[in-house]
Every structure is written in structure tokens, then in C-alpha cells.
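Residue numbers (the working numbering): -3 to 53. Notes to accompany the following structure.
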């Protein structure tokens, strides 16, 4: 439960502040949006894999 709460809190903090920090690198809106897509995309792709691995052991 602690890990879920910590993860949700970190993502909740990251979402509103990440775009402000990425502005200093001169990225376009599309490039910044990739940073917001990476985490959910990796979760969607890897969660079934980790589930399969944990079920087989």
C-alpha cells in the first residue's frame, strides 16, 4: 500500500510541474507530450508481462 501511495503522489506532483521544467530545454509541445505518454505506455505494455511472470513462478 505504501508503494502505491508513494507512486501516486510522485505522479501527482510530476504532472503539473514537469512541463514547467521541460520549458528550459526549448522542447516543442509534441516533445513535451511524449514525456507524459511514456509512463502510462510503459505501464500498459509491461503490466501484463509482469503479471505473466509472477503467475508462472
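The C-beta atom is built at its ideal place from N, Cα and C for all residues, glycine as well.
Would you kindly report the start and end of the unbroken alpha helix (DSSP H) that includes residue i?
| i | result |
| --- | --- |
| residue 1 | -2 to 18 |
| residue 30 | 25 to 52 |
Which whole-angstrom value describes the C-beta separation of residue i and residue j, a residue pair presumed to lie in contact below a C-beta threshold of 8 Å?
| i | j | result |
| --- | --- | --- |
| residue 28 | residue 15 | 6 Å |
Which same chain residues, not among the five before or five after residue i, have their C-beta less than 6 Å away from its C-beta?
| i | result |
| --- | --- |
| residue 53 | none |
Rounded to whole angstroms, what's the CA-CA distance from residue i to residue j? Just pull it up for me.
| i | j | result |
| --- | --- | --- |
| residue 40 | residue 18 | 24 Å |
| residue 6 | residue -1 | 10 Å |
| residue 47 | residue 8 | 25 Å |
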